Amino acid sequence: MQAIDGQNRTVDTVLLKVASRCNLDCGYCYVYHMGDDSWRTQPKLMSDEIIKHVAVNLGAQYRRQQTPFSVVLHGGEPLMLGATRLARLCEALRAELPHPCGIHVQTNGVLLADAIIDVLVAYDVGISISIDGPAVVHDRFRTDHSNSGSHARVTAGIERLTSRPDASPLFAGVLAVIDPSSDPADVYAALKATGAPSLDFLVRDGNWDQLPFGKATSDAVEYGRWLSGLLTLYLADPAPPRVRILDDMMRLILGGQSQKEGVGNTDYGILVIEPDGRIDKNDTLKVAHPGADRFEKAWSILTDPLEDFLASPAFDHYYRQQRTLADQCHNCADLAICGGGMVAHRWSAERGFDNPTVFCADQRHLIAEMRGVIARMAAQAA
Ligand code: SF4
Numbered sequence: 094m095q096a097i098d099g100q101n102r103t104v105d106t107v108l109l110k111v112a113s114r115c116n117l118d119c120g121y122c123y124v125y126h127m128g129d130d131s132w133r134t135q136p137k138l139m140s141d142e143i144i145k146h147v148a149v150n151l152g153a154q155y156r157r158q159q160t161p162f163s164v165v166l167h168g169g170e171p172l173m174l175g176a177t178r179l180a181r182l183c184e185a186l187r188a189e190l191p192h193p194c195g196i197h198v199q200t201n202g203v204l205l206a207d208a209i210i211d212v213l214v215a216y217d218v219g220i221s222i223s224i225d226g227p228a229v230v231h232d233r234f235r236t237d238h239s240n241s242g243s244h245a246r247v248t249a250g251i252e253r254l255t256s257r258p259d260a261s262p263l264f265a266g267v268l269a270v271i272d273p274s275s276d277p278a279d280v281y282a283a284l285k286a287t288g289a290p291s292l293d294f295l296v297r298d299g300n301w302d303q304l305p306f307g308k309a310t311s312d313a314v315e316y317g318r319w320l321s322g323l324l325t326l327y328l329a330d331p332a333p334p335r336v337r338i339l340d341d342m343m344r345l346i347l348g349g350q351s352q353k354e355g356v357g358n359t360d361y362g363i364l365v366i367e368p369d370g371r372i373d374k375n376d377t378l379k380v381a382h383p384g385a386d387r388f389e390k391a392w393s394i395l396t397d398p399l400e401d402f403l404a405s406p407a408f409d410h411y412y413r414q415q416r417t418l419a420d421q422c423h424n425c426a427d428l429a430i431c432g433g434g435m436v437a438h439r440w441s442a443e444r445g446f447d448n449p450t451v452f453c454a455d456q457r458h459l460i461a462e463m464r465g466v467i468a469r470m471a472a473q474a475a
């Protein structure tokens, strides 16, 4: 979201949760394995009735704010909608949100059959696929409900997509969750081999009470070291894809702006609409404690005009949460690059969100590496 005159807020990203269930059962998933079982109360799929309300409301918001925004189809696994309902959804959204508004899907790739790809092509839907690296890394956590690895099915889906000249331009990128015990060289090579134009990486979720997987202590820098290794590979690659997290941080060090939440000082409130039409906060907040992604009043796209929600004190408080920083962050030389990290990763039962991110040491390690690289480049160029 962006502020207009510090008051009315414009939408820039809508996460549309069109399916509450997933065909995979990844061990680290914050939706199903972080103690918040609210997905059980949601309908399995977004109904046509809700789709109609969502499209009409988002269309009204677009006409009101007159700046384009993106809708990301999310889940669970959004392609569980099936080709027919997916087509109805995309048709309804496109009728209200013409270009330059974007429609994207974040998928695990397993259900990327030709009939689904036909729909994505017809409505110009950008496709981002979750894959964690080569099979030995990916299959450790990205398993199905029978505990079988999904790597072969994901890569088959990617191949179906990239083999079609009409569909391959829609391939926006891949998204990997970092296993800090893996070799970044193996992961980088495997992700680059997919042909994706852009790679992005997420850390494993956690907080001060529940350290993220692979982090021995809060002061340890396993993720910082892993990302520094990735940085070295990236900079040495003569023909690299984009690597969003590294690009964002380097750009921030050089005085530019980030493009996505989690680093920097730009505001990225994410509007989340659940399958039943309920409006929630960024769902990654589930990793703090059950219900952390819920507003006190249950807002719904069925009954509440979006403009009322965006103007509400509840939304204002949520919007400011990213910038509500611990003292340690206010006094930190790396604040403009780090931004205090994702809100969900700041949580402790004792202090609530009034902490630096639990990845603070990793952030400082990586930023120091980046500053060193930039200084060496500057010295060579001088
Ligand atoms: S989380 Fe750590 S590195 Fe980031 S701004 Fe706060 S103190 Fe600085």
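FYI, in the numbering used here the residues of the sequence shown are 94 to 475. Ideal Cβ positions, reconstructed from N, Cα and C, are used throughout, including at glycine. Treat the numbers as computed from the prediction; the structure is a model and nothing was measured.
With burial defined as no fewer than 16 other Cβ atoms inside 10 Å of the residue's Cβ, what is the status of residue i: buried or exposed?
i, result
"residue 390", "exposed"
"residue 467", "exposed"
"residue 373", "buried"
"residue 108", "buried"
"residue 444", "exposed"
"residue 139", "buried"
"residue 305", "buried"
"residue 370", "buried"
"residue 330", "exposed"
"residue 244", "buried"
"residue 310", "exposed"
"residue 424", "exposed"
"residue 341", "buried"
"residue 192", "exposed"
Name the two residues that bound the continuous alpha helix (DSSP H) containing residue i.
i, result
"residue 211", "207 to 215"
"residue 285", "277 to 286"
"residue 117", "Premise fails: residue 117 is in no alpha helix (DSSP H) and is neither H nor E."
"residue 106", "First-last for residue 106: 106 to 110, but that is the beta strand (DSSP E), not the alpha helix (DSSP H)."
"residue 414", "406 to 414"
"residue 232", "228 to 234"
"residue 401", "399 to 403"
To which residues of the same chain is residue i closer than 7 Å at the C-beta, ignoring the five residues directly before and after it?
i, result
"residue 274", "307"
"residue 279", "226, 227, 230"
"residue 97", "Confidence in residue 97 is poor, its pLDDT being 40 and thus under 50, which makes the residue's placement unreliable; the coordinate value appears in the next sentence. Excluding positions up to five away in sequence, the list reads 103."
"residue 321", "458, 459, 462"
"residue 474", "none"
"residue 270", "121, 225, 295, 297"
"residue 442", "302"
"residue 157", "400"
"residue 471", "none"
"residue 289", "264, 266, 267, 334"
"residue 328", "466"
Using C-beta distances below 6 Å, list every residue in its chain close to residue i, excluding the 5 sequence neighbours before and after it, in chain order.
i, result
"residue 335", "291"
"residue 382", "none"
"residue 219", "197, 263, 265"
"residue 179", "212"
"residue 314", "454, 455, 458"
"residue 205", "250, 253, 254"
"residue 150", "394, 399"
"residue 99", "Any answer about residue 99 is weak, because its pLDDT of 43 lies below 50 and its placement is not dependable; what the coordinates show is given next. Answer for residue 99: no residue qualifies."
"residue 365", "108, 373, 376"
"residue 114", "137, 169"
"residue 447", "419"
"residue 64", "Since the displayed the chain opens at 94 and closes at 475, residue 64 lies outside it and no answer follows."
"residue 234", "119, 120, 121"
"residue 428", "422"
How is the beta strand (DSSP E) around residue i delimited, first residue to last?
i, result
"residue 220", "218 to 223"
"residue 265", "264 to 270"
"residue 456", "No beta strand (DSSP E) contains residue 456, which is instead part of the alpha helix (DSSP H) from 453 to 474."
Grab me the residues of residue i's own chain with a C-beta within less than 8 Å of its C-beta, minus the 5 sequence neighbours each way, in chain order.
i, result
"residue 402", "372, 392, 408"
"residue 216", "180, 183, 184, 186, 187, 196"
Is residue i close to chain D, meaning its C-beta is less than 8 Å from at least one C-beta of that chain?
i, result
"residue 333", "Absent here is chain D; the protein component of the structure consists of one chain."
Worksheet item: How about the region 450 to 459 and the region 428 to 438: do they share at least three Cβ pairs that are nearer than 8 Å?
Response: Touching, yes.
Fill in: Closer than 6 Å: residues whose CB approaches a heavy atom of ligand 1
Chain-ordered list of matching residues: 421, 422, 425, 427, 428, 431, 433, 434, 449, 450, 453, 456, 457.
Worksheet item: Would you call the region 133 to 147 and the region 179 to 186 touching, i.e. three or more CB-CB distances under 8 Å?
Response: The answer is yes - the region 179 to 186 touches the region 133 to 147, with three or more Cβ pairs under 8 Å.
Worksheet item: Between the region 191 to 199 and the region 234 to 249, do three or more beta carbon pairs fall short of 8 Å?
Response: These segments do not touch.
Item to complete: Pair every Cβ in the region 166 to 173 with every Cβ in the region 199 to 206, then say whether three or more of these pairs are closer than 8 Å.
Response: Output reads yes: the region 199 to 206 touches the region 166 to 173.
Worksheet item: Can at least three beta-carbon pairs, one atom from the region 413 to 422 and one from the region 156 to 166, be found at a separation below 8 Å?
Response: No: fewer than three Cβ pairs fall under 8 Å.
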